[in-house]
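Protein chains in written order, with our numbering: chain H, 37 to 798; chain S, 2 to 156.
Structure, rendered in structure tokens:
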């Protein structure tokens with residue numbers, strides 16, 4: 037590959053100046069002429085029949101234009117892939133976040149006041165808040181028509197023969213782990229504006245990660261409302277953080293649509309911080325049983341995992357996280373015999389959604405904690421144990437994932453070196469390591485894993501790139517601009533990336549599965565290559581040089597062997613345009629990777645490439661208080677190629693910090709389904725004071741299928757953090773923490789109960 | 002009850018009639034249309050609404066607008082030079098990856114400015130302390146701290 041002068045460079049985020057000067061426009065900042073303000077009234081009970089809703093007082097309040105209850109919602113208007121969630125509930129409420137009524141008024145204050153004046157009479161029902169209890173025969177049913185609280189989802193696989201392998205295993209480690217609810221805490225709260233035109237076509241401004249799928253959801257909502265053959269347009273303002281929270285459409289979006297339709301006015305709904313905590317979805321909590329075994333040489337021979345997932349009252353993508361949990365379960369390290377099953381169980385708790393890692397952090401916490409336990413049982417150093425079992429390029433895993441590029445070995449080496457793994461440790465100090473595998477080359481979860489790109493070039497070499505991709509702060513725009521600029525020999529400032537509008541931009545399945553760099557990047561590259569062929573053809577005629585010998589660089593086309601023969605790219609474009617049979621350069625490309633949907637046994641090459649990484653951490657544990665201090669952190673990632681090292685490291689640093697919150701401090705506290713800590717005082721996300729020294733070495737394996745060799749990196753940074761910390765704590769004080777978050781109380785209780793625990797050698 | 006206040010906003014003197022219960026954040030965003038200052042929580046916990054009042058970083062969501070009377074207020078819109086040249090702190094955040102989704106950035110930048118104005122040579126710990134009231138979910142703070150350190154270490 038020729039020298040790269042743009043790909044691989046740390047070019048600042050294209051929208052950073054707008055954001056640094058307060059110009060960037062978020063949903064918070066948007067107004068549509070004549071718009072009303074919507075407010076949602078939520079349930080006062082975790083589980084209750086709705087007996088009556090009296091809106092008379094609220095209706096009389098001056099400024100109130102419309103009040104809707106569940107009775108006005110068409111029966112077919114349902115959200116989530118299980119379609120068990122109407123935007124307003126009419127018969128009963130199943131959780132505290134259930135929407136029971138909505139107001140549209142001339143100001144947010146009036147809407148808020150009116151919502152409080154709505155008088156709802158409930159007949160409380162017994163609730164169930166523990167998935168194990170909810171599985172019992174006499175448990176209250178959350179959805180009576182479903183007949184059982186256990187969802188009918190097929191999460192079960194068995195490759196090889198786990199029982200036989202267990203009999204043969206020289207060493208076995210078995211344990212139970214649990215992870216709790218955590219939430220995205222996007223700094224920009226959720227919001228949407230819905231507006232209908234004269235012909236009942238819909239426009240929704242929403243900070244979504246899935247513009248194309250949201251468009252489809254909204255079209256289905258219109259159909260349910262009796263509005264057939266109508267158009268829905270989704271416009272994304274600047275997004276104040278995503279992390280998976282915006283991968284589904286929510287009740288507030290559908291309610292804004294209903295209010296706007298019935299009020300005949302645009303309606304904006306904007307969450308306050310408490311709503312953002314209580315009424316958006318969490319990461320899926322899991323109760324995990326794991327057993328792994330190895331032979332006398334330390335080679336893994338089986339892995340056996342069963343899970344119970346608290347689904348909450350409704351079903352969003354959280355219930356499908358087992359499909360991604362399967363990836364580390366079958367394919368993190370070489371393990372020939374694997375069994376896995378997961379049950380998702382309705383409760384009266386909040387329901388979960390996608391969150392950075394999509395099940396992988398939960399599964400990896402159990403696997404990597406248990407790996408250390410098994411290494412201990414086998415008397416093998418945890419580092420050596422991982423080296424014995426690590427994935428290698430060319431592997432086909434039991435789930436039929438084809439491992440192409442794989443830099444896991446190099447990542448582990450980086451951890452050892454940069455953390456000074458073998459260095460001396462004082463009392464109370466320990467080191468821990470955990471690895472990860474994640475999809476890095478798209479993920480065929482949906483029928484299509486594609487992304488479209490359209491490019492148009494003006495007469496001066498300025499290039500508009502219309503992409504289906506979504507930039508929510510992670511830097512997708514840069515990746516696309518740098519790839520296109522590199523390919524066409526122009527500068528990044530010549531590229532304008534447009535990604536904000538379904539009327540303008542091509543289809544994309546969404547900003548999920550760390551797929552944007554790989555899929556949108558390949559799509560942009562495909563379109564750029566078409567444009568390049570046009571430019572080269574014109575340049576060849578103008579310079580009288582064969583196309584193969586022409587280089588495009590720094591806005592100039594020149595002959596490789598004769599630098600005198602050169603012409604500005606802008607001039608080429610003008611000559612192409614302003615001549616007989618003129619030609620304006622445009623191109624489109626739809627890239628849908630050649631990856632596979634999983635079959636009935638969940639086998640299939642889900643991704644074109646897999647990302648690997650290893651995290652190492654040194655901690656100090658205060659034996660008197662149980663407090664864990666992070667002394668040093670190394671997050672080594674195999675990324676294929678770093679298109680932009682600055683932004684890539686930003687993803688890793690951010691992932692690590694989110695992972696440390698998951699490991700140590702973050703927890704949604706639900707008391708009988710009621711959210712007890714919906715604010716930043718009591719929900720502890722880490723601050724600058726808590727920041728830790730992080731090194732983020734990049735391993736470049738130049739994946740053959742990736743754009744310029746790149747693989748995805750959006751999610752991996754937060755995947756192995758919690759088990760790395762848990763393993764380090766064990767190394768420091770001999771306490772194995774099995775439940776997240778690892779609070780000082782749990783560590784201290786572990787230290788105090790350690791009489792029958794063998795302390796590791798320090 | 003309405004009250005007239007006079008204050009200096011981003012270098013310009015301004016007189017406005019406002020309701021007494023209005024917060025400075027509401028005054029800026031709703032009455033004056035300066036949408037650069039963000040509301041992240043409305044209760045002084047996240048720092049997204051940080052502005053500088055008489056040299057001090059304050060949460061505009063907790064600051065009554067009437068208290069601005071007679072004071073000098075700088076918001077994110079007033080941070081760059083009048084000719085549009087970025088303030089060194091803005092430039093540093095842009096160049097060092099201190100900005101991802103950008104929602105915390107206006108508040109973060111104003112906290113950083115107040116910190117560096119008061120103490121041009123803060124230690125790393127002092128920088129962390131100075132930004133502890135501004136939550137960022139994207140960056141893990143590493144490149145934000147790098148951005149502030151780069152300004153400290155320039156010249």
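Built from N, CA and C at the ideal position, the CB exists for glycine as well. Nothing here was measured: the structure is a model prediction, and the numbers come from that model.
Run through DSSP, which three-state label would residue i get?
i                     : result
residue 61 (chain S)  : coil
residue 397 (chain H) : helix
residue 512 (chain H) : helix
residue 412 (chain H) : helix
residue 118 (chain S) : helix
residue 591 (chain H) : coil
residue 740 (chain H) : coil
residue 338 (chain H) : strand
residue 115 (chain H) : strand
residue 140 (chain H) : strand
residue 274 (chain H) : strand
residue 5 (chain S)   : strand
residue 249 (chain H) : helix
With a threshold of 8 Å on Cβ separation, who are the neighbours of residue i within its own chain once the five nearest residues in sequence on each side are excluded?
i                     : result
residue 178 (chain H) : 83, 130, 164, 170, 185, 349, 382, 383, 384
residue 157 (chain H) : 86, 87, 88, 89, 90
residue 69 (chain S)  : 6, 8, 25, 28, 54
To which residues does DSSP link residue i through a beta bridge?
i                     : result
residue 471 (chain H) : H:650
residue 46 (chain S)  : Paired residue(s): none; residue 46 (chain S) is not in a bridge.
residue 135 (chain H) : H:78
residue 215 (chain H) : H:322
residue 229 (chain H) : H:241, H:304
residue 487 (chain H) : H:544, H:627
residue 210 (chain H) : H:327
residue 432 (chain H) : H:438
If you measure from the beta carbon of residue i to each beta carbon in chain H, is any gap under 8 Å?
i                     : result
residue 152 (chain S) : no
residue 115 (chain S) : no
residue 3 (chain S)   : no
residue 41 (chain S)  : yes
residue 103 (chain S) : yes
residue 155 (chain S) : no
residue 58 (chain S)  : no
residue 71 (chain S)  : no
Go through its chain and collect everything with a Cβ distance to residue i's Cβ below 6 Å, but skip five positions before and after it.
i                     : result
residue 395 (chain H) : 357, 360, 361
residue 380 (chain H) : 187, 189, 345, 347, 355
residue 669 (chain H) : 653, 728, 730
residue 427 (chain H) : 439, 442, 444
I'd like to check one pair, residue j with residue i: are the Cβ atoms closer than 8 Å?
i                     : j                     : result
residue 223 (chain H) : residue 41 (chain S)  : yes
residue 678 (chain H) : residue 740 (chain H) : no
residue 100 (chain S) : residue 38 (chain S)  : no
residue 748 (chain H) : residue 615 (chain H) : no
residue 337 (chain H) : residue 204 (chain H) : yes
residue 331 (chain H) : residue 209 (chain H) : no
residue 114 (chain S) : residue 90 (chain S)  : yes
residue 66 (chain H)  : residue 273 (chain H) : yes
residue 467 (chain H) : residue 767 (chain H) : yes
residue 32 (chain S)  : residue 75 (chain S)  : no
residue 606 (chain H) : residue 495 (chain H) : yes
residue 742 (chain H) : residue 107 (chain S) : no
Counting only beta-carbon atoms, is residue i nearer than 8 Å to chain S?
i                     : result
residue 546 (chain H) : no
residue 400 (chain H) : no
residue 177 (chain H) : no
residue 58 (chain H)  : yes
residue 713 (chain H) : no
residue 655 (chain H) : no
residue 236 (chain H) : no
residue 276 (chain H) : yes
I want to see whether chain B comes within less than 8 Å of residue i, judged by CB atoms only; does it?
i                    : result
residue 44 (chain S) : Absent from the structure is chain B; the protein chains it does hold are H and S.
Just checking residue i against the ligand HEM - is the residue's beta carbon closer than 7 Å to any of the ligand's heavy atoms?
i                     : result
residue 672 (chain H) : The ligand HEM is not among the ligands present in this structure, which contains no ligands whatsoever.
Might you give, ordered along the chain, the residues of its own chain that have their beta carbon closer than 7 Å to the beta carbon of residue i, omitting 5 neighbours on each side?
i                     : result
residue 148 (chain H) : 75
residue 628 (chain H) : 484, 485, 486
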